[in-house]
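This report refers to the structure that appears directly beneath it.
Residue numbers (the working numbering): 7 to 340.
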């Protein structure tokens, strides 16, 4: 998930906003080999790889259609991701567990909205719209954070930030209308695009909620919310089975599960936290511009999805709006 310029916090995919408060990753997760140590010290490499993983999530979401049911994927994703997350967070959890337990309502709400709700809607939306649309609409999250922070928290932002948010939302509107103003006027939108936008709103709310995070390390926070996500996603999987929507995962379905559990849910989080530790949240957040761009390229090259003129316009608007808003945010916080 993309970072939010107004709050100077990370974002996706999923789930990267936990890095808003830098947390040293060196002791728990730093690689020991020479080549990996060099990579671990390169923020640009780490952040580009992170955005590639987030962008790839849209592609994998489409590939999962018919291979594994969406609620099953959501639940098993967090169940599998908990293993490496808890292993990496174990030293910090020994210290932070009492604080996490005292804030369990907050952890449950954040895990349910930012992790379970976002991903469940994301995977259902993937059945109804293209990976290209999924990627571009996700790019609206930083703009939604700006708007939500203003409405909910009364946060102030500059005219340039407002312009960036407006341009980004215009890009989302172009996707929803498929380049036809008549569809926009008639509110005749693709159901998958609407679901993806609602998912983006949920993630923006999660991002804003990170302002109230308890005083624990980033890894402990990730572990606590991942556990909450798993617990809150179990009823969704049970409902899916009872409704007859369960699909035994195929080989491709299991491969999808491994990717989403180890990639967006774990590895990208570790790399983003390290990137923020090295260069700060403001500079690291700029890399979110790559997510819709990478996602669009992957959708066309890997899935062969058509790249219409309105996609070009929407991509330019979304990426350009993010860039303007983040540039304004960087100036404000200097």
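We put the CB at the ideal spot given by N, CA and C, even for glycine. Note that the structure is a prediction, hence the values are computed from the model and not measured.
Residue environment, residue i, which counts as buried when at least 16 other CB atoms sit within 10 Å
i	result
residue 18	Because residue 18 sits at a pLDDT of 39, beneath the cut-off of 50, its placement in the model cannot be relied upon, and the following sentence gives the value as read from the coordinates. It is buried - the Cβ of residue 18 has at least 16 other Cβ atoms within 10 Å.
residue 49	buried
residue 60	buried
residue 40	exposed
residue 100	exposed
residue 119	buried
residue 249	exposed
residue 330	buried
residue 283	buried
residue 327	buried
residue 312	exposed
residue 127	buried
residue 150	buried
residue 291	buried
residue 158	exposed
residue 244	exposed
residue 307	exposed
residue 2	For the chain, the structure presents residues 7 to 340; residue 2 sits outside this window and is missing.
residue 294	buried
residue 32	Any reading at residue 32 must be qualified, since the residue scores a pLDDT of 45, below 50, and its modelled position is unreliable; no value is offered.
residue 222	buried
residue 318	exposed
residue 183	buried
residue 70	buried
residue 167	buried
residue 314	exposed
residue 42	exposed
residue 132	buried
Nearest residue (CA-CA) to residue i, options the options
i	options	result
residue 321	311, 297 and 308	297
residue 247	62, 68 and 79	79
residue 272	72, 83 and 44	83
residue 269	44, 67 and 165	67
residue 124	211, 90 and 96	211
residue 97	310, 263 and 229	229
residue 300	186, 329, 137 and 163	137
residue 121	256, 303 and 208	208
residue 90	308, 302, 306 and 275	275
residue 92	316, 261 and 232	232
residue 196	114, 235 and 135	135
residue 303	62, 242, 47 and 42	62
residue 262	280, 95, 56 and 81	81
residue 267	333, 86, 116 and 108	86
residue 56	305, 277, 316 and 285	277
residue 234	94, 103, 114 and 108	114
residue 186	316, 333 and 47	316
Simplified DSSP state of residue i, which is helix, strand or coil
i	result
residue 145	coil
residue 167	helix
residue 33	Note that residue 33 has pLDDT 47, beneath the 50 cutoff, so the model's placement of it is unreliable and the number below is only indicative. Of the three classes helix, strand and coil, the one that applies to residue 33 here is helix, per DSSP.
residue 18	Low per-residue confidence applies at residue 18: pLDDT is 39, beneath 50, and the placement is therefore not dependable enough to give any value.
residue 75	coil
residue 134	coil
residue 256	coil
residue 221	coil
residue 92	helix
residue 311	coil
residue 339	Residue placement at residue 339 is poorly supported in this model, since its pLDDT is 47, which falls under 50; the coordinates are not used for a value here.
residue 67	helix
residue 317	helix
residue 291	helix
residue 117	helix
residue 249	coil
residue 326	helix
residue 302	helix
residue 182	helix
residue 160	coil
residue 263	helix
Extent of the continuous alpha helix (DSSP H) run through residue i
i	result
residue 283	274-285
residue 206	197-215
residue 40	40-46
Below-8 Å beta-carbon distance, residue i vs any chain D residue
i	result
residue 301	Reference to chain D is not applicable here, since this structure consists of a single protein chain.
Residues near residue i by beta carbon distance below 8 Å, same chain, minus five either side
i	result
residue 218	112
residue 253	72, 73, 74, 75, 78 and 259
residue 162	156
residue 54	293 and 296
Beta-carbon proximity list for residue i, same chain, < 6 Å, skipping 5 on both sides
i	result
residue 177	320, 323 and 324
residue 51	45
residue 265	66
residue 140	64 and 202
residue 30	Residue confidence for residue 30 is low, a pLDDT of 49 falling below 50, so the modelled location carries little weight; the figure read from the coordinates is stated next. Contacts found: none.
Residues of its chain near residue i, where Cβ-Cβ distance is below 7 Å and the 5 sequence neighbours each way are ignored
i	result
residue 143	178, 181, 199, 202, 203 and 206
residue 130	76 and 201
residue 175	146 and 149
Proximity test, residue i beta-carbon vs the ligand FAD heavy atom, cut-off 7 Å
i	result
residue 165	As far as ligands go, the structure on display features none, and thus does not contain the ligand FAD.
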